[in-house]
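Number of protein chains: 6
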Amino acid sequence: MFSVTIRDHMMIAHSLRGDVFGPAQRLHGATYVVDATFRRATLDDDGIVVDIGRAAEALRAVVAGLTYRNLDDEAAFAGVNTTTEVLARAVADRLADAARGGALGDGGRQLDGLAVTLHESHVAWATYERPL
Amino acid sequence: MFSVTIRDHMMIAHSLRGDVFGPAQRLHGATYVVDATFRRATLDDDGIVVDIGRAAEALRAVVAGLTYRNLDDEAAFAGVNTTTEVLARAVADRLADAARGGALGDGGRQLDGLAVTLHESHVAWATYERPL
Amino acid sequence: MFSVTIRDHMMIAHSLRGDVFGPAQRLHGATYVVDATFRRATLDDDGIVVDIGRAAEALRAVVAGLTYRNLDDEAAFAGVNTTTEVLARAVADRLADAARGGALGDGGRQLDGLAVTLHESHVAWATYERPL
Amino acid sequence: MFSVTIRDHMMIAHSLRGDVFGPAQRLHGATYVVDATFRRATLDDDGIVVDIGRAAEALRAVVAGLTYRNLDDEAAFAGVNTTTEVLARAVADRLADAARGGALGDGGRQLDGLAVTLHESHVAWATYERPL
Amino acid sequence: MFSVTIRDHMMIAHSLRGDVFGPAQRLHGATYVVDATFRRATLDDDGIVVDIGRAAEALRAVVAGLTYRNLDDEAAFAGVNTTTEVLARAVADRLADAARGGALGDGGRQLDGLAVTLHESHVAWATYERPL
Amino acid sequence: MFSVTIRDHMMIAHSLRGDVFGPAQRLHGATYVVDATFRRATLDDDGIVVDIGRAAEALRAVVAGLTYRNLDDEAAFAGVNTTTEVLARAVADRLADAARGGALGDGGRQLDGLAVTLHESHVAWATYERPL
């Protein structure tokens with residue numbers, strides 16, 4: 002199994018609802034360093050998993066739809082806690098849509114899976130993995 | 002599949018028995034940067050894998066039982082080489098006990114697996130993964 | 002010259018005023034990984050720059066006064082852009098007050114300088130250095 | 002499941018053929034930080050996955066056969082694009098040969114799998130995993 | 002004193018002349034992770050050292066003039082060993098030209114100094130510092 | 002001003018005397034990731050600060066004299082607390098002796114200064130800087 006990972010980041014404000022979140026129930030924010038991993042069992046004729054330029058553009062487009070925003074005001078997350086786990090899934094699902102829609106080229110349609118890790122600090126991160 | 006990882010560290014002395022260890026047969030020491038990963042197929046109603054505050058406390062408690070010690074004198078490791086692999090398993094097994102015992106809250110009992118990575122330097126680390 | 006550095010972090014929301022900030026004029030947020038460096042020309046009788054336990058507590062106290070907040074609502078920053086540079090200075094100045102007030106022990110009063118670096122992402126950070 | 006990972010690096014020149022590579026079709030180069038992971042279900046009697054000294058030597062030997070070279074001139078890669086993915090597989094396959102040939106000691110023959118990650122920058126890396 | 006640092010990278014081929022370079026006399030390559038630091042004694046009215054967007058563009062432009070090239074063929078380095086130290090100076094000098102030419106805005110003309118660090122691997126890097 | 006930094010590591014046991022050290026008064030240990038920085042105002046005719054191969058060998062020799070040991074038993078540190086600060090100075094002073102003794106070649110005698118950083122964990126490190 003092969004995989005390729007590219008890193009980007011986003012900077013958002015949000016608050017979380019539920020006693021379990023303690024002081025994170027207040028409006029605060031986070032930089033998420035985003036690692037997007039593209040998996041595939043075999044390489045294409047060029048010797049790659051995916052066109053890394055297109056993959057980076059697709060990730061940049063997903064991140065651009067989230068960064069420099071207060072996620073409490075985003076319709077896409079109405080009634081949902083934008084935890085690190087939930088945001089990792091959101092990034093992965095949007096990348097999956099991009100891959101199936103052809104934004105990553107033909108190779109993007111041959112991918113077997115995706116994983117997205119969001120680092121919220123130097124001591125905590127979350128990952129969501131899914132097939133494609 | 003989701004996972005959340007938290008990082009802590011411990012600083013121990015020990016020696017290793019067996020020719021394979023070369024100079025590490027002498028009494029020496031290590032800082033282990035500890036990454037504890039909690040895996041779960043689905044998120045709970047709050048949108049999380051586990052209460053990260055409780056998970057961090059549980060990891061801190063496990064690390065507190067090992068750090069600032071000479072592991073050669075610890076009854077828990079009598080007759081056992083405290084290699085990075087063995088210590089990764091010890092940390093994971095103690096976290097598993099904490100999870101099953103309720104120290105991570107109800108969500109801790111829904112975990113599917115644990116992984117613990119111990120970084121012994123910038124060029125070497127070991128991981129132990131187990132179901133829960 | 003000796004120095005000791007300790008790392009902590011904080012997670013804040015804020016917005017920045019001025020065309021130069023582009024999309025960062027919107028309410029967004031950041032994780033700042035905070036590196037606080039304590040400088041001193043000579044070591045004390047224990048062989049240290051400063052009691053690292055007390056220094057970590059002092060840094061934790063400063064960070065606790067900023068984290069999990071919307072800095073746009075904080076009186077301490079009224080009328081001030083809370084850029085990474087400005088926040089690095091705020092953390093350093095508060096640590097300097099703590100050092101002079103004795104919170105770092107006698108050694109804290111022997112410090113020659115402080116530097117604070119705030120990492121806002123894996124690709125950008127700012128530092129403020131000052132004498133003490 | 003246990004694993005042990007060791008890190009080394011290599012510095013190579015190469016060019017890539019195919020429109021997908023854009024400016025990387027020109028002769029350029031890369032530092033690859035190489036992480037080699039050795040997996041095994043159980044530990045040996047010494048409490049280890051593999052003799053880490055031998056594993057590091059084996060990795061060093063593999064890297065020594067690639068570093069400080071223009072891979073466009075290497076017979077081993079004639080007609081093959083030396084992408085990060087392809088090089089990760091090459092390193093893993095050569096380590097697998099070393100393990101089966103006894104270069105990692107008896108424990109090396111008990112390994113269940115190998116993974117090799119090549120970091121080409123702080124924002125991109127590729128991994129190849131294989132059974133043994 | 003304040004500073005702001007931004008990170009980018011470049012991937013080049015080159016060879017070095019002189020016995021001191023051993024195997025690096027052969028054509029090989031490197032990824033340089035480039036950290037550009039902009040220093041200034043005081044902040045401007047916006048609370049910043051420099052417009053980080055313009056600084057990032059300026060660094061990107063400098064890096065674009067070097068990356069994906071064989072530096073042995075570049076006229077700018079004819080007769081010069083393109084060591085990590087020499088390349089750090091080249092990047093810093095080109096950024097200084099950009100700052101003085103106004104590419105960083107008015108604030109860029111108020112800078113007191115620049116430093117450029119080139120990381121050639123996880124175990125080696127070089128820095129060049131200069132006033133402005 | 003130019004500088005070159007190389008990274009190595011050492012793994013030691015020790016205990017510290019003095020109430021300020023709390024649980025670190027017990028025998029424990031540390032991995033120190035060691036960054037040795039060599040400073041020089043101008044480059045030599047080869048375009049370098051120092052022969053990095055020789056510098057790495059000199060650092061390796063210094064580290065070899067400390068690693069895999071219980072520093073409480075080392076005559077060189079009798080009656081001295083082997084704090085991170087003290088060990089950073091010891092490494093720097095031994096490298097300075099090597100440089101002056103010619104172990105780094107002629108260039109080593111042209112160095113203007115040395116700095117040594119010892120990282121004891123992902124959240125704490127100490128530096129000692131000295132002229133040469």
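Protein chains in written order, with the working numbering: chain W, 2 to 133; chain G, 2 to 133; chain E, 2 to 133; chain H, 2 to 133; chain F, 2 to 133; chain A, 2 to 133. Beta carbons: idealized from backbone N, C-alpha and C, even for Gly.
- Bridge pairing for residue 25 of chain F: absent [DSSP].
- Only 44, 47, 48, 49, 50, 52, 53 and 54 from the segment 40–57 of chain G bring a Cβ to less than 7 Å from some Cβ of chain W.
- Secondary structure note for residue 116 of chain E: its beta strand (DSSP E) is the uninterrupted segment 114–122.
- Judged by beta-carbon spacing, residue 130 of chain H lies beyond the 8 Å limit of residue 33 of chain H, meaning their Cβ atoms are not closer than that value.
- Counting along the chain, residue 90 of chain H sits inside the alpha helix (DSSP H) bounded by residues 85–101.
- Bridge pairing for residue 130 of chain G: G:116 [DSSP].
- By the criterion of at least three beta-carbon pairs nearer than 8 Å, the segment 37–44 of chain E is in contact with the segment 108–119 of chain E.
- Within its own chain, the residues whose Cβ lies closer than 6 Å to the Cβ of residue 8 of chain F, once the five positions on either side in sequence are excluded, are 36, listed in chain order.
- Under DSSP, residue 38 of chain H shares a beta bridge with H:6 and H:116.
- Residues of chain F whose Cβ lies closer than 8 Å to the Cβ of residue 8 of chain A are, in chain order, 123, 124 and 125.
- For residue 18 of chain F, the secondary structure class from DSSP, reduced to helix, strand or coil, is coil.
- Taking a C-beta distance under 8 Å as the contact criterion, residue 11 of chain H and residue 60 of chain H do not qualify as a contact pair.
- Pairing residue 70 of chain W with residue 27 of chain E gives a Cβ-Cβ distance under 8 Å.
- Residue pairing of residue 110 of chain A in beta bridges, as defined by DSSP: absent, with no partner found.
- Taking every protein chain shown into account, the CB of residue 101 of chain H has fewer than 16 other CB atoms within 10 angstroms, so this residue is exposed.
- At a cut-off of 8 Å between beta-carbon atoms, residue 86 of chain H makes contact with chain W.
- Look at residue 53 of chain H here: in three-state DSSP terms it is helix.
- A Cβ-Cβ separation of about 5 Å places residue 5 of chain G in contact with residue 127 of chain W under the 8 Å criterion.
- With respect to the 8 Å criterion, residue 87 of chain G and residue 48 of chain H are classified as neighbours on the basis of their beta carbons.
- The residue among E:29, E:132, E:99 and E:20 with its C-alpha nearest the C-alpha of residue 57 of chain E is E:99.
- Measuring C-alpha to C-alpha distances from residue 133 of chain F to each of F:20, F:97, F:123 and F:13 identifies F:97 as the nearest.
- Counting only Cβ-Cβ distances below 9 Å, residue 81 of chain E has contacts in chain F at 48, in chain order.
- Residue 31 of chain W carries a strand assignment under DSSP once its states are collapsed to helix, strand and coil.
- Contact note: residue 2 of chain F does not reach chain H at a C-beta cutoff of 8 Å; the least C-beta distance is about 26 Å.
- For residue 75 of chain E, the nearest beta carbon of chain F is not closer than 8 Å to its own beta carbon.
- Between residue 15 of chain A and residue 72 of chain A, the C-beta spacing is below 8 Å.
- Each residue's CA atom was taken as its position, placing residue 83 of chain F and residue 17 of chain F some 7 Å apart.
- Between the alpha carbons of residue 93 of chain F and residue 64 of chain A lies a distance of about 33 Å.
- Scanning chain W for C-beta atoms nearer than 7 Å to the C-beta of residue 24 of chain E yields 69, reported in chain order.
- Residues 5 and 7 of the same chain have their beta carbon placed closer than 7 Å to that of residue 53 of chain A, with the five preceding and five following residues left out of the count.
- As far as DSSP is concerned, residue 62 of chain F takes part in no beta bridge.
- Excluding residues up to 5 positions away in sequence, 63 and 66 lie with their Cβ nearer than 8 Å to the Cβ of residue 95 of chain A in the same chain.
- Using a Cβ-Cβ cut-off of 9 Å, residue 129 of chain A is close to 2, 3 and 4 of chain E, given in chain order.
- Here residue 125 of chain W is buried: its Cβ has 16 or more other Cβ atoms, across all protein chains shown, within 10 Å.
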